[in-house]
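If you're matching positions, the sequence shown starts at 1 in this note's numbering and goes up one per residue.
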Amino acid sequence: MKKHLSVTCILLAVLLVAACSPVPAEEPMAEEEPAPAAEAEEAAPPEAPMEIACENSYEGESLVIYQQAGLTGPLATLMGTGFISATQDAIDQINAEGGVCGVMLSVRMEDTQYALEQEIQVYEQFRAEDPKPLFITTANSAATVALKDRVVEDEIVNLATGVHSQSIYNPPDGYTVGMVPIYPDQFAGFLQFVHSNWADIKPEGAGDSITVGVIGWANAFGAGAITPESLAFAESLGITVLPLEEQQVSPSADVTGQLQNLLVNGANVIYMQAISFSIVQIISTLHAMGFYDQVVLGSVNWGMNRDVLNILGENAPLAAGYYGVFPYLWWTDTDVPGVQKALETFAAKGYPEHDKAFTYLLLYSAMFGLADVLTVALNNVGFDGLNGTEFLKAMQQMGTVSAAGVFEMNVEGSNRAPNKAQIRQAQMMEDGSIDFVVVQDFVTLPDMRPGSE
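Set out below in structure tokens:
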């Protein structure tokens, strides 16, 4: 009840602010001819896992998986409880089936509160272990940025969900591997979708010109979509991208001013480089201002998640209509064995339905993909030869690493992140709930990786 009341209070507050600060009318402008459509190239869905046989058994050996993320503090709710349980559930199953070629897995997870200093401190603790980690997992763009050179020096692979493009690809051939497409790839893919489908999705009364406003967190993650490469791609489509509007990372942030700035400057598309409560703030404020139906609203992959609907509570229908880049499958893709396995485990553990977020599904699935990488590495060099470099070589040998068929990691050649995604839309289901429905199946995203520094 408190959650529902808080959302209602937010809506009332932004209604008052919006009423006191009307959006000035914009002078009519001549319509530009749209650029020729750049059609996206269809891509295959995530591959089924490879069947990799163990050449030897290493019973009696063990390996620790090191993870760092914000488990407490003001941003702890972003990942949800699924983050804590997903890895353990997966490795329990792997161990019950004999481990990885007999090697038993365990997990060590440390809290960083998503604070930069703590991200570095925890990493220093991990790298000092003997033996040092083959790989770590991180969940923060700040960690990706801060650790990009350290992991090269230490030869430890950083499996990162914070896919800041410069940190993924500079230095070239580095040890940071993105688990989803880099942010400018995602942004460019969304622009391509909007451009190709503008006649069908544009707001009523909108002309042919597309003007995109980006609102993002005031940090490396929030600034991650707009890069020289993605701006050049937008220009090639004849799309105008307005300067970034920064959003305070706080559950009580007011985004009225930022949205007014974008609307005054002609935005008819708004892209959210934000997560969780920040997505709710934008959706609620646009409704309160009366502009939700007058823009096309889209989001980076992390912004389309169950937590948005959980925070909205009984007001979840407010989210209907917004789009998100979606580089993985979802709980509703029940024809995929990896999703079936996650559903069975989730149900067996008795977890609440509202915890069915991407957090659990992706981390649970990822462990099976990483077990395959370990199998290849063990076949290559044996247990005593394992290190971060051999782990990365095994990933590159595989090229595409299937995470139980739910998503892929791509380390083929110089690649350090996957490059395909769906576009989904929040839609009302027959039972009155909101879910994320495919409106464009997997395509290859435009390649927006940065040049060498």
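Glycine residues also receive a C-beta, built at the ideal position from the N, C-alpha and C atoms.
Next item on the list: Have a look at Ala-146 and Phe-221 and give me their C-alpha separation to the nearest angstrom.
Entry: 13 Å
Next item on the list: Give the straight-line distance between the Cα atoms of Val-194 and Lys-132, rounded to the nearest whole angstrom.
Entry: 46 Å
Notebook entry, point to check: So is Met-272 buried or exposed if we call it buried at 16+ other beta carbons inside 10 Å?
Noted result: buried
Check: When the distance is taken between beta carbons, is Ser-106 closer than 8 Å to Val-152?
Finding: no
Check: Of the residues Val-381, Glu-117 and Asp-149, which one's Cα is nearest the Cα of Asn-170?
Finding: Asp-149
Next item on the list: Return the Cβ separation of Pro-184 and Ser-230 in integer angstroms, given the expectation that the two are a contact with Cβ distance under 8 Å.
Entry: 4 Å
Item checked: Trp-217 - containing beta strand (DSSP E), residue span -> 211–217
Next item on the list: Just mark Thr-72 as buried or exposed, buried being the case when its beta carbon has 16 or more other beta carbons within 10 Å.
Entry: exposed
Next item on the list: State the start and end residues of the unbroken alpha helix (DSSP H) segment that holds Met-398.
Entry: 388–398
Check: Smallest Cα separation from Asp-293: which of Met-428, Leu-362, Ile-201 and Ala-225?
Finding: Ile-201
Check: In terms of alpha-carbon separation, which member of Ala-48, Ser-85 and Pro-74 lies closest to Ala-348?
Finding: Ser-85
Item checked: Val-296 and Gln-186 closer than 8 Å at C-beta -> no
Next item on the list: Determine the DSSP secondary structure at Ser-365, reduced to helix, strand or coil.
Entry: helix
Notebook entry, point to check: Where does Val-241 sit, in a helix, a strand or coil, going by DSSP?
Noted result: strand
Notebook entry, point to check: Apart from the five residues just before and just after Phe-368, which ones in its own chain have a Cβ nearer than 6 Å to its Cβ?
Noted result: Ala-404
Next item on the list: Kindly indicate which residue of Glu-129, Asp-154, Ala-128 and Leu-116 has the alpha-carbon position closest to the one of Thr-138.
Entry: Leu-116
Item checked: Where Ala-146 falls: helix, strand or coil (DSSP) -> helix
Notebook entry, point to check: By Cβ distance below 7 Å, which residues in the same chain neighbour Pro-24 in space, the five residues on each side in sequence not counted?
Noted result: Reliability fails at Pro-24, whose pLDDT of 40 lies under 50, so the model's placement of it is uncertain and no value is given.
Checklist line | Endpoints, alpha helix (DSSP H) assigned at Val-264 | finding: 256–264
Margin query: Taking the beta carbon of Pro-22 as the centre, do at least 16 other beta carbons fall within 10 Å, making it buried, or is it exposed?
Written below: Summary for Pro-22: the model assigns pLDDT 40, below 50, so the residue's position carries little reliability, and this model does not support an answer.
Check: Which residues bound the alpha helix (DSSP H) around Ala-342?
Finding: 337–349
Note to self: Since Asp-435 and Thr-332 should fall inside the 8 Å C-beta cutoff, what is the C-beta to C-beta distance between them, to a whole number of angstroms?
What the structure shows: 6 Å
Item checked: C-alpha gap between Thr-87 and Asn-301, whole angstroms -> 21 Å
Next item on the list: Measure the Cβ-Cβ separation of Val-269 and Thr-211 and say whether it is below 8 Å.
Entry: yes
Next item on the list: Would you check if there are 3 or more beta carbon pairs closer than 8 Å linking the region 277–288 to the region 236–255?
Entry: yes
Check: Using the rule of at least 16 other Cβ atoms within 10 Å of the residue's Cβ for burial, across every protein chain shown, is Gly-60 buried or exposed?
Finding: exposed
Check: Based on the DSSP output, what are the partners of Leu-105 in its beta bridges?
Finding: Leu-63
Notebook entry, point to check: For Thr-256, is the classification buried or exposed, using 16 other Cβ atoms within 10 angstroms of its Cβ as the cut-off for buried?
Noted result: buried
Next item on the list: Enumerate in chain order the residues of its own chain whose CB-to-CB distance from Ala-377 is below 7 Å, with the five nearest sequence positions on each side excluded.
Entry: Leu-386, Glu-390, Phe-391 and Ala-394
Note to self: Taking DSSP's pairing of strands, which residues face Thr-137 in a bridge?
What the structure shows: Gln-67 and Leu-159
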